[in-house]
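Working notes, beginning with the structure itself.
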Amino acid sequence: MTCMGLGAFPGDDPQSLHMLGMHGTVYSNYAINEADLLLALGVRFDDRVTGKLEEFAKHGKIIHVDVDPAEMHKNKEAHIPIVADVKVFLERLNAHFADEDIPETAEWWTQINDWRDRFPMTYADAGDFILPQHAIEELWRQTIDKDPFVAVGVGQHQMFAAQWYKFRKPRRWLSSSGLGTMGFGLPAAMGVQAAHPDSLVFDIDGDGSILMNIQELATLHCEKLPVKILLLNNQHLGMVVQWEDRFMEGRRAHTYLGPVDHPEALGEGSGSHYEETYPNFVQMAKSFGVESSQVRSKAQLPDALAKMIAHDGPYLLDVVCPYQEHVLPMIPSGGTVRDIIVE
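Heads up, the final residue of the sequence shown is numbered 343 in the working numbering, and it's a clean run with no missing numbers.
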């Protein structure tokens, strides 16, 4: 699935290969690369999915189905372009097959499972520090049976959420994705909550992204919208730091979100834990009338999440995370599956 398509197929189903593209799973990207046939439903073949365009899915045929004819051949040339509503197309496609027409795929699944075993989605144990992946995975464990909606801003938290929150239904995931709109998460979550007043709605956000629309906490309070905000706070513009570390020899360009004379801003801090965080999101949220708390210890995270989920109004949980964690796997911009970074 693409980032925008998460939930179209249950993410915790054994046959789900999860997200593909720049921060997708290795096995998903390998499967696309080696497939004999790619049935692309409602996609636009954007650069975050394809990487180097001429190398994407070059071993097989591509059938591209989209309701908008302008999408055909716009980025990637399809062998068979079909302008149609995806639902109508799938209904008619299914009508051509009987139960006994199921193809033999055992060898293909053996290959996919070999990739899964060799390149699993995992992350290191950071002791009592809270890694973003762990926070999202714990949120998933506590809420997936509640059929929640999840909105995100833009940055590392966005990709971590796409990787680690395994949606079971479509239209439960709201991301600006290719538009890259920092600050999108909170107002998007508010819109969902207004449309679904009895549903559990989360904004998984980062400290850099949420500051783009932090004033919406006032609307959240005044409109009495019980959105829950999981704020992954690493005191940095995390995705920019990742690119600085990976491709710019660690040179910093104002990616620390604090005073310019702070050791972190000067490249002299440890970045693992902070005696104080800036700004004080707990005080800020409470000044808007939104209940809030901060958690720094992995041991305390489950109870902190449970408290947020059970609260009957809006709530901001400030989760302090180390900034050194990178979103992996990663295909560098313009790269191919052969360039995947896994550590």
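Glycine included, every Cβ here is placed at the ideal spot set by N, Cα and C.
When the Cα atoms are used, Pro81 and Leu90 turn out to be separated by approximately 14 Å.
For the pair Leu41 and Ile32, the CB atoms are not nearer than the 7 Å cut-off. Per DSSP, Gly183 lies in no beta strand (DSSP E) segment and is marked neither H nor E. Secondary structure at Gly206: strand, using DSSP grouped into helix, strand and coil. Distance between Met239 and Ala95, taken at the CA atoms: about 45 Å. The Cβ atoms of Leu186 and Glu137 do not sit closer than 7 Å to each other.
Nearest to Ala304 by C-alpha distance, out of Ala135, Glu100 and Asn233, is Ala135. Counting only runs of at least 3 residues, the region 210–249 fully encloses the following beta strand (DSSP E) elements, listed from N- to C-terminal order: 228–233. Looking at the DSSP output, Met330 bridges to Ile341. Between the alpha carbons of Tyr278 and Asp13 lies a gap of roughly 40 Å.
For His196 and Val319, the gap between their C-alpha atoms comes out near 26 Å. By the criterion of a C-beta distance shorter than 8 Å, Gln142 is surrounded in its chain by Pro302, Leu305, Ala306 and Ile309, once the five residues flanking it on both sides are discounted. Inclusion of Leu17 and Tyr27 in the CB contact set at 7 Å is warranted, their separation being smaller than that value.
In this structure, DSSP gives Ala194 a helical state, which the three-state scheme calls helix. Across the set Leu266, Met121 and Phe202, the C-alpha of Phe202 shows the shortest separation from the C-alpha of Trp140. Every beta strand (DSSP E) stretch that sits fully inside the region 263–331 and reaches 3 residues is listed by chain position as 291–295 and 315–320. In terms of CA proximity to Asp198, Lys146 leads the group His221, Glu249, Gly208 and Lys146. When C-beta atoms of the region 246–265 are compared with those of the region 216–228, fewer than three pairs fall below 8 Å, so the two segments do not count as touching.
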